[in-house]
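Chains as they are written, first to last, in this note's numbering: chain A, 1 to 231; chain B, 1001 to 1284.
Cβ atoms here follow ideal geometry from the backbone N, Cα and C, with glycine treated the same way.
What follows is a single structure, written as structure tokens, with notes after it.
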């Protein structure tokens, strides 16, 4: 997740961001790759982010994987600046299956830390076309998981204004996927500002399964290469 | 102030003792690594299946039932004894335990061995759960039960039903097992009337719990697979708390725990009657 554009200390700042993920996991049937683009329009007291993800190489029989929209407001409590945001995330699991999430979260950026905490309501449902074709036991034909806890803790070596940075994150969500609260992920990130407007970054993500069944095993890794442009 | 300090210490001790009593059979090294990861276990299971074919059942007539329990967590054997006795009644094809057969204590396997030798169940099917993997439990599981990744069929006079048993003891079925499952469904699903899948770890979070589920990436793949191949039921345990969900064409059932002393202990009776698939919970 870009440190740029998320820092509430920054004033009225629009940005564009694009990244490529390449990785492998237990269900990817070899290497997968996805590209994502995110736009951010930000005023002094509020902002809105939206983005989409396309699958380039992946086992799912879809290309348009996900999109989201994330309006947020900036408030100050004491000396702490907070981004309070709502989000809607839509994901195509396959041509016939969907996952949607409604998210509420709060986020703050300190000198070296970025902290975020929130909750999501996840719903698995059929696409409208598929729902018409299926005999339904349940008229809604959905499964909803309520109050899924979301957390994100980043520690950065340098304050984010520096030209370069290294950071580590412990979280259960990424831009286009929200894991259950009991499936944390780790990532290491490096940032480099080419100019005042253009930054490059890379992230190495590590996923494990079975932490909370006390049988941890490797699940997957992916590399993210991204560019962020402050307009 | 002194009282506050004492209360804090007392509170801390209560938490430690509570955790300790809850985790007494847990192998805490599993927070760091797993000695027998799922892909290696699946390879051994599939080899075992190749060398030990013949789990299929044939039933006279058209109707039958199957009893399915989860989280027996032996120790105590009263509930297991009841299950074995009821599975011997006419019309019952056998029973399935969907993981956590043991509490994790290695001595549990000796108890099970004695129990099965004396009660002599007719047709029993087992898969492992995360507890069964504690303290290098896979070696014990494999020597007592063999495979945890296999399929069996129940053939009646008019149809054949496919039952698939999955190993999810690590909270993931792993790439090797996913490949096996996908191939099996592609080749066999069309040849069978009903298809029911057994796995240990529950897929959905019907309520809040620290206990793990498959990662969302994996859940997406499984939901798609189960939808495309019109899986009739997916039956899991692990959560100790009964829940039922319907999604697409599939009935997802999480079982109550079945261990002795569990107040809500129950098992599922799966009935195939007049060409219909019916399920109901029964108390031991």
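Three-state class that DSSP yields for residue i in the structure shown
i: residue 1193 (chain B); result: coil
i: residue 1063 (chain B); result: coil
i: residue 62 (chain A); result: coil
i: residue 216 (chain A); result: coil
i: residue 1278 (chain B); result: strand
i: residue 1265 (chain B); result: coil
i: residue 5 (chain A); result: Note on residue 5 (chain A): pLDDT 40, under 50, position unreliable in the model; no value is reported.
i: residue 1022 (chain B); result: Bear in mind that the predicted position of residue 1022 (chain B) carries a pLDDT of just 45, short of 50, making it too unreliable to give a figure here.
i: residue 1188 (chain B); result: helix
i: residue 1031 (chain B); result: helix
i: residue 83 (chain A); result: strand
i: residue 227 (chain A); result: strand
i: residue 1242 (chain B); result: coil
i: residue 1286 (chain B); result: Past the boundaries of the shown model lies residue 1286 (chain B); chain B is included only from 1001 to 1284, so the question cannot be answered.
i: residue 1056 (chain B); result: coil
i: residue 1271 (chain B); result: strand
i: residue 1259 (chain B); result: coil
i: residue 222 (chain A); result: strand
i: residue 71 (chain A); result: strand
i: residue 125 (chain A); result: strand
i: residue 1072 (chain B); result: coil
i: residue 89 (chain A); result: strand
i: residue 1199 (chain B); result: coil
i: residue 77 (chain A); result: strand
i: residue 1247 (chain B); result: strand
i: residue 28 (chain A); result: coil
8 Å contact criterion, which residue i and residue j should meet: CB distance rounded
i: residue 72 (chain A); j: residue 88 (chain A); result: Residue 72 (chain A) to residue 88 (chain A), Cβ: 13 Å. No contact.
i: residue 1264 (chain B); j: residue 1256 (chain B); result: 5 Å
i: residue 63 (chain A); j: residue 120 (chain A); result: Actually they are not in contact, since the Cβ atoms of residue 63 (chain A) and residue 120 (chain A) sit about 25 Å apart, beyond 8 Å.
i: residue 1215 (chain B); j: residue 183 (chain A); result: 5 Å
i: residue 1083 (chain B); j: residue 1069 (chain B); result: 6 Å
i: residue 1139 (chain B); j: residue 1102 (chain B); result: Rounded, the Cβ-Cβ distance is 13 Å, inconsistent with contact.
i: residue 1106 (chain B); j: residue 1146 (chain B); result: Incorrect: roughly 18 Å between the Cβ atoms, too far for contact.
i: residue 116 (chain A); j: residue 106 (chain A); result: 7 Å
i: residue 1174 (chain B); j: residue 1212 (chain B); result: Not confirmed; about 14 Å, so no contact.
i: residue 180 (chain A); j: residue 1205 (chain B); result: 6 Å
i: residue 170 (chain A); j: residue 23 (chain A); result: Between residue 23 (chain A) and residue 170 (chain A) the Cβ distance is about 18 Å, and since that is not below 8 Å, they are no contact.
i: residue 199 (chain A); j: residue 206 (chain A); result: Wrong, their Cβ atoms sit about 23 Å apart, outside the cutoff.
Boundaries (first-last residue) of the alpha helix (DSSP H) holding residue i
i: residue 203 (chain A); result: Per DSSP, residue 203 (chain A) belongs to no alpha helix (DSSP H); it is in the beta strand (DSSP E), 198-209.
i: residue 1082 (chain B); result: 1078-1087
i: residue 1043 (chain B); result: 1038-1051
i: residue 129 (chain A); result: 128-133
Residue i, enclosing beta strand (DSSP E) - first and last residue
i: residue 1093 (chain B); result: 1092-1098
i: residue 1226 (chain B); result: Unbroken run through residue 1226 (chain B) is the alpha helix (DSSP H), 1216-1228; no beta strand (DSSP E).
i: residue 35 (chain A); result: 32-42
i: residue 1283 (chain B); result: Neither: residue 1283 (chain B) is in no beta strand (DSSP E) and is coded neither H nor E.
i: residue 1234 (chain B); result: 1233-1236
i: residue 56 (chain A); result: 46-57
i: residue 1250 (chain B); result: 1250-1254
i: residue 22 (chain A); result: 15-25
Neighbourhood of residue i by C-beta distance below 6 Å, restricted to the same chain and skipping five residues each side
i: residue 1260 (chain B); result: 1076, 1078 and 1079
i: residue 20 (chain A); result: 35 and 225
i: residue 1254 (chain B); result: 1202, 1236, 1239 and 1243
i: residue 216 (chain A); result: 208 and 210
i: residue 1168 (chain B); result: 1199, 1200 and 1201
i: residue 53 (chain A); result: 34, 36, 65, 66 and 176
i: residue 158 (chain A); result: 165
i: residue 1073 (chain B); result: 1100, 1103 and 1259
i: residue 1248 (chain B); result: 1227
Residues near residue i in its chain [Cβ-Cβ closer than 8 Å; skip 5 each side]
i: residue 1092 (chain B); result: 1064, 1065, 1066, 1067 and 1086
i: residue 1184 (chain B); result: 1151 and 1164
i: residue 1273 (chain B); result: 1063
i: residue 111 (chain A); result: 159
i: residue 76 (chain A); result: 82
i: residue 197 (chain A); result: 229, 230 and 231
Contacting residues, own chain, Cβ-Cβ under 7 Å from residue i (five flanking each side not counted)
i: residue 145 (chain A); result: 122
i: residue 16 (chain A); result: 39, 229 and 231
i: residue 96 (chain A); result: 126, 127 and 130
i: residue 10 (chain A); result: Because residue 10 (chain A) sits at a pLDDT of 48, beneath the cut-off of 50, its placement in the model cannot be relied upon, and the following sentence gives the value as read from the coordinates. No residues qualify anywhere along the chain.
Unbroken beta strand (DSSP E) runs of length 3 or more, entirely within the segment 139-188 of chain A: which are they?
Here the runs fully enclosed are 142-156 and 164-171.
Where are the beta strand (DSSP E) runs, 3 residues long or more, that stay fully inside the segment 1105-1183 of chain B, in chain order?
Here the runs fully enclosed are 1124-1127, 1150-1155 and 1160-1165.
Quick check on the DSSP output: what are the complete alpha helix (DSSP H) runs of length 4 or more inside the segment 91-122 of chain A, in order along the chain?
Entirely contained in the segment 91-122 of chain A, not one alpha helix (DSSP H) run reaches 4 residues.
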